[in-house]
Every structure is written in C-alpha cells, then in structure tokens.
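All you need for my numbering is the position in the sequence shown, starting with 1, plus 15.
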Amino acid sequence: MVFYHDEESAMRRLPIFLLLFVFFCVVPPPASPADSGMPDRARRLVIGVPPHSAPLSFLNESRDGLLGLAVDLSVKIAGELGMDIVFVQSNARKLEQKLQRGEIDAMVGLLPVNLKNDFSDVLVTPLALNRAILVAGQEHQFTMERDLAGHRVILQRGDAYMPKMLDMGCTVVQADSITNALNRLVGGEAEAYIASSVEMAFHI
Numbered sequence: 016m017v018f019y020h021d022e023e024s025a026m027r028r029l030p031i032f033l034l035l036f037v038f039f040c041v042v043p044p045p046a047s048p049a050d051s052g053m054p055d056r057a058r059r060l061v062i063g064v065p066p067h068s069a070p071l072s073f074l075n076e077s078r079d080g081l082l083g084l085a086v087d088l089s090v091k092i093a094g095e096l097g098m099d100i101v102f103v104q105s106n107a108r109k110l111e112q113k114l115q116r117g118e119i120d121a122m123v124g125l126l127p128v129n130l131k132n133d134f135s136d137v138l139v140t141p142l143a144l145n146r147a148i149l150v151a152g153q154e155h156q157f158t159m160e161r162d163l164a165g166h167r168v169i170l171q172r173g174d175a176y177m178p179k180m181l182d183m184g185c186t187v188v189q190a191d192s193i194t195n196a197l198n199r200l201v202g203g204e205a206e207a208y209i210a211s212s213v214e215m216a217f218h219i
C-alpha cells in the first residue's frame, strides 16, 4: 500500500494510474486452449514408441513413419476410444521417464531389460531350428515346416536356415536386416518371414 504525503504528489501520479487502467482494459485475457485452436489433450492418446524395436515398432524404409505390431495395436485402440493418436519416439529408458512424468499416456515396444519381470516366456514353434514365423496376413497359415514348401519366404542374408528352405522348394528372398525383412514382408514380396531373433509366431 502506498501513502501520499500531499495532494500535489497524488495528482502527479494520477495520469500514470489512468494509463495503466486503460491498458488492462484493452489487453484481452489469455486465450483458452479451445479458443487458440490447440488440440484438446483429453482427446489425444500419446504413445511412446522405441523406433528400433522390430517387429513391435520400427521405421519404414523412408524413415518417415512407424510400422509394427505395437504401432498397429495402438492405432486400433485409439480408434476404438474415438481419440487422435500421437507417437513420441525415443529409447525405452527415456520413454519410461516421460511416462512417470505424465508426458505420455503409455509406452509400447520392448521394455527395459533390467525390470524384475523380464517377460522372457516364449511360444515354441514346430520348426527344426525353433524359428519365429511372421506372415503378411491371417490368410497365411503355416503350422509345420512342410507347409512352407513352394512358398516365397524371407530370410536374413547368411542365415543357416537357408539350405533347409531351398531344399523344401521355397523361393528365398534375402534381407539385410530385421527392419528390411519386415518392410519387404509388409510390401508383399513374400508370404512369410522366418526370423531367427525371437521365438514367437504372430502376424503383421
């Protein structure tokens, strides 16, 4: 609170107070999110995704979009909830920190390896080398090795399983990496990808 010693001092300050009063009357209040055109946070599902966790989440060949099982599932969940989806890319540890701070709603992909539960349970396949079979769609069903005979399959270059596939009459498409193999599978270059890195059977 300010006290003035005389009337003359108060009169000298009057124009300043009037100017401040006019300023606060003219300046509009801060815009709300709805007024400023900002998307409603409550209508967005923000998902953290490691971009190098194939086949759960990985970059496409042009590296400008995400593919993978976890990505597809996230999009379907957002669609069922009637929400827009936003993907945040980072490594698993940083995404875990973002999740704890409330910056993202969930994280998908491979979890940090030092968790108490390492989620190492796998589904054993009937293939001789205990491989994973990834297929391009549910219309492709391979339950035994002989089911692959005569089909186009993707193997990573140098895979020891290649002679077995060739002996069965398979057409082998060679890929340079897991990401390359998955992009070729999604692109329809083969009916199945025989993976050596995981021991699960599922479809993309």
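We put the beta carbon where it would ideally sit given N, CA and C, even for glycine.
| Just checking my contact of residue 151 with residue 95 at CB under 8 Å: how many whole Å lie between their CB atoms? | Not confirmed; about 24 Å, so no contact.
| message | Within the continuous beta strand (DSSP E) that includes residue 99, where are the two ends? | response | 99–104
| said: Taking 9 Å as the threshold (C-beta atoms), are residue 123 and residue 88 in contact? | reply: yes
| said: I'd like the list of long-range same chain contacts for residue 110, defined as Cβ closer than 6 Å, with 5 residues on each side in sequence excluded. | reply: 63 and 122
| query | Does the beta-carbon distance from residue 74 to residue 100 come in below 9 Å? | reply | no
| query | When the Cα atoms are used, what is the spatial distance from residue 72 to residue 57? | reply | 25 Å
| message | Mapping the DSSP letters down to three states, classify residue 90 as helix, strand or coil. | response | helix
| query | Relative to the C-alpha of residue 197, which residue among 118, 117, 170 and 185 is closest? | reply | 170
| request: Within its chain, find whatever has a CB closer than 8 Å to the CB of residue 130; leave out the 5 residues flanking it on each side and keep chain order. | output: Because residue 130 carries a pLDDT of 39, less than 50, the predicted location of this residue cannot be relied on, and no value is offered for it.
| Nearest-angstrom Cβ-Cβ length linking residue 194 and residue 69, presumed shorter than 8 Å | 5 Å
| task | For residue 62, name the three-state secondary structure that DSSP assigns. | result | strand
| query | Does the Cβ-Cβ distance between residue 92 and residue 103 come in under 9 Å? | reply | no
| query | Whose C-beta lies closer than 6 Å to the C-beta of residue 208 among residues of the same chain, with five residues either side of it excluded? | reply | 149, 169, 196 and 200
| query | Quick one: is residue 200 near chain B, going by C-beta distance under 9 Å? | reply | This model lacks chain B altogether; it includes just one protein chain.
| query | In chain order, what residues of the same chain lie with their CB nearer than 8 Å to the CB of residue 180, ignoring the 5 residues before and after it? | reply | 163, 168, 170, 187 and 209
| said: Threshold first: 3 residues or longer. Then list the beta strand (DSSP E) segments lying entirely within the segment 145–196, N to C. | reply: 147–150, 167–171 and 186–190
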